[in-house]
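With the working numbering as the guide, the letters of the sequence shown map in order to residues -19 to 962. I have placed the structure first, in the form of structure tokens, so that the comments after it can refer back to it.
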Amino acid sequence: MHHSSSNTSRAALERIVERVGHLLPAQGPIQVFVHHNTLHAFEHLSFHDAVVEAGRLYGCAPYLTEDRYRDELRRGRIGDADITAVLEADLGGRRDELVFGSTTRLELSRLLVAHGIPEHTGWALQWELDETDALERARVDMPAEARERAGLPSTRDPSDSETARYVRALWSACQRAAERCEASSPRRDARPERLRDLVLASLDIDIDEWVHPLLTRVTGAFLDQGLADWPMPGRERGLLPCFLELYSRPLARLGGPLGVTLQPLVKRELEARRDGWTSLERSLEQLGLPPETWEEFLEGEALALRGFAGMVYQFERRPDRVPVYPAPARLVDFLSVRLLLVRAALTRAATSVGFNGSLAELRSWLSQSPRAPTPSSHERAWALFHVAQLTGLTAANVQDLDARALERVEAVLSELDSIERRRVLHCAYERHLRHRLFDALTRHHPPSSSAPAFQAAFCIDDREESIRRHLEEVEPEVETFGLAGFYGVAMHYRGINDAHARPLCPVAIRPRHYVAELGEATTPALRRRLLRQWERARARFDENVHTGSRHARRGAVLFVVLGALWVIPLLLRVVFPWLHRALGRSYEGLQSGGGRLAIEHQPGERPPVGEQVGFTPQEMAEIVFSQLSVIGIRDRFAALVLIIGHGSTSLNNPQESAYNCGACGGGRGGANARAFAQMANLPEVRRLLAERGLCIPSETWFVGGERNTASNDVELYDVDLVPARVRPRLRRAVETLEIARRREAHERCRRFESASAGLSPRAALRHVEARSADLAQPRAECGHATNAFCVVGRRSRTRGLFLDRRAFLVSYDPLGDADGAQLERTLAAVVPVVAGINLEYFFGAVDPSGYGSGTKLPHNITALVGVMDGAQSDLRTGLPWQMLEIHEPVRLSIVVEAEVARVQALLSRSAELRRLVDHGWIYMAALDPNSSSIVELDAASVRPYTPERALQAIHGGSRRHYEGRRGHLPFVAIAPSTEEVA
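As structure tokens, then:
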């Protein structure tokens, strides 16, 4: 029986730990930063319930502050009509209910949302009343209608004596009214939930200050990917055995404040030969926690250091994403170690106050706390006081309110507390922006296109919206497409100078294929050998300098010998980054060996990672078909088709991979684009495609490339293989790209405060090139900041629209998709990626230090898996503030060019998409393929959209619209300009 009970307890504990792991950040090692929904664990809830619940659990903000939203209201980015529309949808049939006098619930709600009530309670309210002039002057934002109703002069002079008398009398009347009405439910004061909080509240001892320094050092050393001088001994056995072995040694007693109380616990664990599960269960029992509280307790303990806990869980779940050594990490081991440290800390805290009972008794003693108080009469009067000013009530009017009217007022105030007001403001904010896109799409009528001179496919990334637009403005005969940036080529890839392979595909895919870049056979053997020897020697030198500089004697010698030499590259990087970059590119050109991708399958050859080397012709044909059959290129191939991936380079930037391609798992997409182009050029692949009805003309040639979204460099691969008949078109494409990248750099520079407004396109290109090579530059580029939309459809729907680099553009031809299968595959592949990007930026902008990683400035790399603040902190997961500061946190609005019925049917078949739409994590709308009508869809309704505003047309190119303007710009129609201004 005991054995059966133990198995049952173990199974229950395993389920608990798995659920706890689901709440942790899903960010892997920083080299493979992959955007995802920060609140992925809450997608089963509606969006608004989720942000409140997650805010409670993580201690983060659910929305922006009311002041931030009201700033947008004053700027016109939220309209009164938007607030009214949201409230009308919320209130339904209750909108016309009278609250008091002739004031309806809708009118009072609108005033509360638009103006708000200062949130003061307890001592803060008392100070406001005693030390400020709050009872001497009316609200500065008191509506003119309310002032007139209250009989006040139209002036807003705070020294106006009549207004002061009104305010004092009104406050007295509100105090008496609050005393006449029964108090509402108690305030929801946050009660301590963790043992640490109870100890801190009762004993003024923060046990986390004892636990976390030790736990972060141990976990960081265990996960280390090569930053440490020597590896942690015994890592192959797991975190708990390694920890127990280290801290059972005599010197461990000297290891910090927990050394004395921890060692007896460690020795008992070793004697009992407990594994992670039995150790964890033992600690829970010793703390006196009944099984029904284990999950909540473990949640709190894991989330207290959620960065490291989440990284351990990622090592356990996705070892394939670990760059060097996938240490055998387990979340249960991490929790077991943490609870041993907590027990040691509690023992020390209890001893310090003379408590001699067990830990279970200590917890019971600490848990005695008073009930949350009900709101005081002053607090209730304060809210009524502001309601009266907003509605123009006088002291006499308040005195005449009966108990029922006061209860109705308090009911509205309770429903529209600060969080609810922020929810309404946020929905109005999103509605306003979403409708501007709908107006642009419904009013836009692009010109007809001719046969393309060349075609170019880019990633769907929002940063590619601008380069595609400028490319089309420079060369009206170009046709551009948007595809997921890994181009269907899921692979482990190792470049010719890479230390190891890395996956290049969405994080949800585990690649089977391995592709390497090999030195070209035409490169002289002696040169290849010398280059390899030079690279190895340089790597050994760099490693010795890095490790030696961190030791006293070796560091002193290196400083004396090499210090003067280091000054030169340091000055170049900081003072002349453009020159340092130019020299670096020259060196890269010297060391380049002109490699080729080995994409063809080699039977019998074992790959270093993955299941097979290269792709079979059938696999390559399937990849090419899946990408080209959906975008509308089938019957209009140009002689030259560019396939452009993207990546980003910058210096001194631990989060560099967060700027790379999300569809490539945080890697650079040039290798994928190059592999795709190579596949599409193979005769055997074209033969297989022709059998499936996709005929690529013999004169068509594909060229792969990569655009650097930081420096705006565009590199094309294997151009020496381009047939002579296509080379004139290639030269034309290169010239067009050169002009377009200058223009795109010029547009991007308007967002950089350090870039003067009068830069020419050439100077702007030099500026962004220098930013990417500047050692002191925390903002090499803006990343996905400002992303808000995704348009899935033909390019003709958006060509000529200025979308301000805010839209993911996905190519899809509804006229060539009879059964909707292509649309289903497209949305299944694209929506999780773009929604993940959008939601990570959303939550990072809402709470930059809670959901984001705060500012980059104090970040230090730890264990080569993440960053921490300064010398010691939790791992800082999420996006840094420098990637978020210009972002508007709004949920993604996806517009699909397809019939409403088709989109509804697709949602009904896809549980993941339906969950995102029905629960409000994204917005979805259908754009009719045969007209310009738009229909919004959600779980409750289908609503045809009626255009609200005209679409402004700008002649002369995008520059006429954006030049000299820093902030978010309205969407306009652009007439192209081929004139290049230097």
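Positions of the beta carbon are idealized from the N, C-alpha and C atoms, including for glycine.
Cutoff 6 Å; reference residue i; Cβ partners in own chain excluding five residues on either side
i	result
ALA153	ALA375, VAL378, GLN379
GLY816	HIS15, HIS16, ASN17
GLY1	TYR293, LEU311
ASP121	HIS95
Residue i to residue j span [Cα, whole Å]
i	j	result
GLY723	GLU453	Here residue 723 is Arg; the residue named in the question, Gly, does not match the sequence. Whole-angstrom Cα-Cα distance: 10 Å.
ASN688	VAL915	37 Å
ILE440	ALA651	17 Å
ARG119	PRO869	29 Å
ALA325	THR18	31 Å
SER347	LEU178	7 Å
PRO221	ASP255	8 Å
SER993	LEU864	The structure shown does not extend to residue 993, since the chain is modelled only from -19 to 962, so the question has no answer here.
ALA690	ARG746	11 Å
VAL(-3)	ARG323	19 Å
GLU108	PRO133	25 Å
SER26	HIS406	15 Å
ARG(-5)	PRO271	13 Å
ALA955	LEU37	50 Å
MET471	LEU484	6 Å
VAL458	PRO432	5 Å
Min CB distance residue i to chain B below 7 Å
i	result
ALA252	Among the chains of the structure shown, chain B does not appear; only one protein chain is present.
Simplified DSSP assignment, three categories, for residue i
i	result
VAL389	helix
ASN377	helix
ARG298	coil
ALA906	strand
HIS2	helix
ARG923	strand
MET863	helix
ILE603	helix
HIS839	strand
GLY102	helix
THR45	coil
VAL702	coil
Buried versus exposed call for residue i [16 or more other C-beta atoms within 10 Å across all chains shown]
i	result
PRO557	buried
SER752	buried
GLY647	buried
THR112	exposed
ARG262	buried
GLU661	Note on identity: in this sequence residue 661 is Asn, with Glu being the wrong assignment. By the 10 Å Cβ count, ASN661 comes out buried.
HIS16	buried
LEU570	A caution first: LEU570 carries a pLDDT of 47, below 50, which makes its placement in the model unreliable, though a value can still be read off. Exposed, because fewer than 16 other Cβ atoms sit within 10 Å of the Cβ of LEU570.
THR83	buried
LEU887	buried
LEU795	exposed
ASN336	exposed
LEU92	buried
ASN692	buried
ILE964	Since the first residue shown for the chain is -19 and the last is 962, residue 964 is missing from the structure and cannot be characterised.
PRO549	exposed
Contact belief for residue i with residue j at Cβ below 8 Å, rounded distance in angstroms
i	j	result
PRO587	TYR494	4 Å
MET212	LEU855	Between LEU855 and MET212 the Cβ distance is about 17 Å, and since that is not below 8 Å, they are no contact.
GLY824	GLY800	Actually they are not in contact, since the Cβ atoms of GLY824 and GLY800 sit about 35 Å apart, beyond 8 Å.
PHE295	ARG712	At roughly 50 Å, the Cβ-Cβ gap does not stay under 8 Å, so PHE295 and ARG712 are not in contact.
ALA284	ARG174	7 Å
ALA408	VAL66	5 Å
PHE595	ILE676	Not quite, the Cβ-Cβ distance comes to about 17 Å (not below 8 Å), so this is no contact.
HIS412	GLY944	That pair is no contact at about 24 Å.
Cβ shell of residue i (< 7 Å), same chain only, five flanking positions each side left out
i	result
HIS20	ALA6
ASP140	PRO133
HIS899	GLU23, LEU25, SER26, PHE27
GLU727	SER446, SER938, TYR942
ALA420	LEU781, LEU931, PHE951
Cβ neighbours of residue i in the same chain (closer than 8 Å, five flanking residues each side left out)
i	result
ALA962	No answer about ALA962 holds up, because its pLDDT of 44 lies below 50 and its placement is not dependable.
ALA638	PHE13, HIS15, GLY646, GLY763, LEU859, MET863
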